[in-house]
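A short write-up of the structure that comes next.
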Ligand SMILES: CC(C)(COP(=O)(O)OP(=O)(O)OC[C@H]1O[C@@H](n2cnc3c(N)ncnc32)[C@H](O)[C@@H]1OP(=O)(O)O)[C@@H](O)C(=O)NCCC(=O)NCCS
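Numbering (the numbering used here), first residue to last: 4 to 174.
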């Protein structure tokens, strides 16, 4: 009997729920479109210098997908690519990050996605950083058990200035 290779494995989802699966090349143009949104960029603040630069985007994602230290999953909702959630250790501590296309906001999907991701990414502690005024992202982290542990300042490309950020930690 031949063994079936079914990666990425996707089971039938319950209505209204997200699924996580491995990122595929076909997701990248969708992520590119999602990260063009100006409101999303303002919220996330610490973004690419020029989100419209497709070449820089592809180079960044080649680096992401080639980095064995990064755990990253595509978020699916109703069969569509809604965004991604990941952890990287690029700045020392293991840090979680996520981005959802604007069409998927305000339905609890980021919270669901992060909660599911935390079942896969079991390393602790995990940090989460957000611009101090990114209320939605801070709430997502808090609802998944992260607590405020610090503050920092950094240059935010999307705002072209240094801004305050908060650091939350899941112990
Ligand atoms: C931040 C982001 C992931 C939130 O996704 P989402 O699916 O809309 O979040 P949820 O629906 O799970 O909402 C989580 C909480 O945030 C609140 N929230 C969502 N959008 C909000 C907004 N614009 N302002 C204030 N609160 C907001 C929700 O009410 C909910 O809190 P509650 O349960 O206490 O009511 C999404 O807006 C996004 O991808 N933004 C751009 C990229 C970004 O900022 N990434 C994070 C970088 S740190």
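Just so you know, even glycine gets a beta-carbon here, dropped at the ideal spot from N, CA and C.
Spatial distance of residue i from residue j (CA atoms)
i           : j           : result
residue 163 : residue 45  : 10 Å
residue 68  : residue 57  : 16 Å
residue 130 : residue 99  : 6 Å
residue 21  : residue 71  : 25 Å
residue 16  : residue 63  : 31 Å
residue 119 : residue 78  : 10 Å
residue 109 : residue 142 : 12 Å
residue 53  : residue 148 : 33 Å
residue 146 : residue 133 : 14 Å
residue 137 : residue 95  : 23 Å
Contacting residues, own chain, Cβ-Cβ under 6 Å from residue i (five flanking each side not counted)
i           : result
residue 40  : 105
residue 153 : 170
residue 90  : 74, 97, 99 and 124
Selection from the options that minimises the alpha carbon distance to residue i
i           : options             : result
residue 88  : 81, 62, 95 and 121  : 121
residue 158 : 42, 48, 18 and 33   : 48
residue 30  : 55, 65 and 52       : 65
residue 81  : 95, 107, 59 and 102 : 107
residue 102 : 93, 92 and 115      : 115
Beta-bridge partners of residue i, as assigned by DSSP
i           : result
residue 166 : 157
residue 29  : DSSP output for residue 29 lists no bridge partner at all.
Cut-off 7 Å between Cβ atoms - residues of its own chain near residue i, not counting five sequence neighbours on either side
i           : result
residue 167 : 135, 154 and 156
residue 50  : 44, 160 and 161
residue 34  : 87
residue 174 : 127 and 128
residue 150 : 171 and 172
Nonlocal neighbours in the same chain, by C-beta distance under 8 Å from residue i, ignoring five residues either side
i          : result
residue 26 : 68, 75, 76, 77 and 87
residue 84 : 30, 33, 34, 77, 78 and 104
residue 23 : 76, 77, 78, 79, 88, 116, 119, 120 and 123
Quiz: which residues have CB nearer than 5 Å to ligand 1 non-hydrogen atoms: 43, 46, 47, 102, 103, 108, 109, 111, 112, 113, 114, 133, 138, 139, 140, 142 and 143
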